[in-house]
Each structure stands twice: as C-alpha cells, then as structure tokens.
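>
Protein chains in written order, with the working numbering: chain A, 25 to 137; chain B, 21 to 133.
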C-alpha cells in the first residue's frame with residue numbers, strides 16, 4: 025500500500041516563527057503536493073513538485089515555500105507564521121502520468137497563536 | 021485554471037437509503053480523469069471511485085457508482101444502501117494527466133440512523 029506520512033498531526037506555533045511541515049511517501053511517486061483545507065473552501069493547492077528540486081506554485085503560494093531535495097520527501101515551509109495560516113495542511117503524492125489518483129497523508133492541523 | 025463545483029455543502033440520507041452527490045467541472049480538454057474522495061471526521065482522505073473521461077461506461081465500486089455526463093461536464097456520485105460509516109466529507113476532483121488535481125469545496129454527508 026502507498027503510504028504518505030506527515031511528520032505531525034497537530035502543531036501549535038507562535039506568530040513569526042518559521043515552521044516546517046514534512047511529508048514522506050514510500051511509492052517512488054514523481055508528483056507531490058501541498059494543499060490547505062479550510063471549511064467552505066475545499067482543498068487549495070499551495071505548491072506542487074513533479075521531480076526532485078522542481079517546484080511549481082499553486083493557487084495560494086504567498087507566505088509559503090517548499091523544498092524537495094529527495095524524491096520521497098516534500099517539505100512545506102512557513103517563513104514567518106501568521107494567524108491566517110491556521111489551517112489543516114494535507115500532503116499528497118501521485119504518479120506523474122497515467123490513470124492514477126493522489127494518495128494523501130493524515131493531515132497536519134496547524135494553529136498559529 | 022480548471023474549476024470543480026460542488027453545489028451541495030451539506031446532504032443527509034436515511035440509513036439504507038440512496039443519496040446522490042453532485043459535481044460539475046469546467047474544462048476544454050477531452051482526456052482527463054475524475055475522482056471522488058471521502059474524508060471521514062478526523063481521518064485520512066481516501067479514494068472512493070474514479071473515472072476516465074474517454075470511457076463511456078460509468079464506474080462502479082460496490083455500493084458506489086457515478087453518473088458521468090461528459091457533454092454536460094457532470095460527475096455525480098450515487099451511494100446505495102447508505103451506512104453509518106458513509107458519513108464524511110466528500111470531494112470531487114479533476115485531473116489532466118501529469119498535472120495537478122483540482123478539488124471542489126466538498127459535500128458533508130450525514131447518515132441518519
């Protein structure tokens with residue numbers, strides 16, 4: 025079974041802190057994604073990556089950056105956390121091509137105080 | 021950017037009854053994939069069913085089936101013999117191969133015993 029693991033289930037951080045959210049997948053998927061989930065807004069794409077060291081901005085990249093140094097790991101970085109970044113963050117991975125779905129991690133509930 | 025619309029924020033169904041969740045999407049592509057995902061409360065997002073656009077036959081997975089109307093750009097999910105464990109948030113998603121996934125805003129399904 026594909027496994028996508030996010031490093032934390034719950035996080036509480038202070039305003040202005042630099043925050044790292046880590047995601048690891050074990051199925052050699054080329055694509056990895058970071059989504060933000062808010063009530064009534066669904067899943068909004070922050071960044072995605074289709075290869076090591078490659079990244080593409082999604083719909084809401086402001087205030088975030090990402091890192092993909094190894095194929096299995098995709099990190100989301102909040103450079104200076106703000107209260108409006110309090111949200112559920114979902115990591116996902118998929119094959120680049122073909123008839124394939126995205127596999128999701130369990131999510132990280134981030135609260136910025 | 022492609023858009024996916026779920027016009028029913030909340031739905032309810034009596035246990036053992038049938039419910040249909042609606043989804044429409046906007047695209048100019050002819051070859052793409054559509055998905056329904058389920059997110060139980062505080063649990064991981066999982067795939068329910070998927071459909072390739074070039075296949076005319078509607079996908080089915082046990083009690084779950086879709087009504088795919090390509091010309092109308094409609095992709096509804098039918099849940100038959102609803103069970104308490106079906107209670108969840110359901111997301112419709114679109115993907116053109118190699119690209120990102122686009123998600124709707126979700127439908128919260130309540131199953132009434």
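Think of the CB as a built atom: it goes at the ideal place given N, C-alpha and C, for glycine as much as any other residue.
Please read all numbers here as calculations on a predicted model, not as lab measurements.
If I measure Cβ to Cβ from residue 24/A and keep anything under 7 Å in the same chain, skipping five residues before and after, which residues do I get?
It is not possible to answer for residue 24/A, since the shown part of chain A is limited to 25 through 137.
> Taking only three categories from DSSP, how would you classify residue 101/B?
The answer is coil: DSSP assigns residue 101/B none of H, G, I, E or B.
> Can you confirm whether residue 49/A, when its beta carbon is compared against all beta carbons of chain B, has any partner nearer than 8 Å?
Not closer than 8 Å to any Cβ of chain B, the Cβ of residue 49/A fails to qualify, so no.
> Which residues of chain B have a Cβ atom closer than 7 Å to the Cβ of residue 65/A, listed in chain order?
Neighbours of residue 65/A on chain B, chain order: 125.
> Cutting at 6 Å between CB atoms, please list the residues of its own chain near residue 104/A, excluding the five before and the five after it.
Excluding sequence neighbours, residue 104/A sits near 40.
> Residues in the region 90 to 109 of chain A with C-beta within 7 Å of chain B's C-beta atoms, listed in sequence order?
Listed by position, the residues of the region 90 to 109 of chain A near chain B (Cβ gap below 7 Å) amount to none.
> Counting C-beta neighbours from all protein chains within 10 Å, is the total for residue 90/A 16 or more, i.e. buried, or is it exposed?
Its Cβ being crowded by 16 or more others within 10 Å, residue 90/A is buried.
> Please report the straight-line C-alpha distance between residue 56/B and residue 111/B, rounded to a whole angstrom.
The alpha-carbon atoms of residue 56/B and residue 111/B are separated by roughly 6 Å.
> Evaluate contact between the region 60 to 70 of chain A and the region 39 to 50 of chain B, counting only Cβ atoms and requiring at least three cross-stretch pairs below 8 Å.
Not touching, per the Cβ criterion.
> Any beta-carbon of chain A closer than 8 Å to the one on residue 95/B?
With 8 Å as the cut-off, residue 95/B does not count as an interface residue toward chain A.
> Taking only the alpha-carbon atoms, compute the straight-line gap between residue 109/A and residue 77/B and give it to the nearest angstrom.
When rounded, the distance between both Cα atoms is 42 Å.
> Have a look at residue 48/B and residue 94/B and give me their C-alpha separation to the nearest angstrom.
Those two C-alpha atoms are separated by around 14 Å.
> If you draw a straight line from the alpha carbon of residue 120/B to that of residue 114/A, how long is it in whole angstroms?
So the two alpha carbons sit approximately 14 Å from each other.
> DSSP has residue 33/B in a bridge; who is on the other side?
DSSP output for residue 33/B lists 131/B as bridge partner(s).
> Given a limit of 9 Å on CB to CB distance, which residues of the region 64 to 89 of chain B reach chain A?
Listed in sequence order: 64, 65, 66, 67, 70, 72.
> Which parts of the region 21 to 96 of chain B are runs of the beta strand (DSSP E), unbroken and 3 residues or longer, counting only runs that do not cross its ends?
You should have 23 to 25, 30 to 34, 39 to 41, 44 to 46, 53 to 59, 66 to 72, 84 to 89.
> For a contact defined as C-beta to C-beta under 8 Å, what are the partners of residue 114/A on chain B?
65, listed in chain order.
> When you compare each of 127/A, 121/A, 33/A, 129/A to residue 74/A by their alpha carbons, which one comes out closest?
Taking only the C-alpha atoms, the option nearest residue 74/A is 121/A.
> Checking 8 Å against the spacing of the C-beta atoms, do residue 19/B and residue 102/B come in under that value?
Because residue 19/B is not part of the residues shown, which for chain B are 21 to 133, the question remains open.
> How many Å lie between residue 49/A and residue 30/A at the Cα?
Going by the C-alpha atoms only, they are around 9 Å apart.
> So that I know if they touch, is there some Cβ in chain B lying closer than 8 Å to that of residue 1/A?
The requested residue 1/A does not occur in the structure, where chain A is confined to residues 25 to 137.
> Can you tell me the Cβ-Cβ gap for residue 106/B and residue 131/B, rounded? I've got them flagged as a contact below 8 Å.
At roughly 5 Å, the Cβ-Cβ gap stays under 8 Å, so residue 106/B and residue 131/B are in contact.
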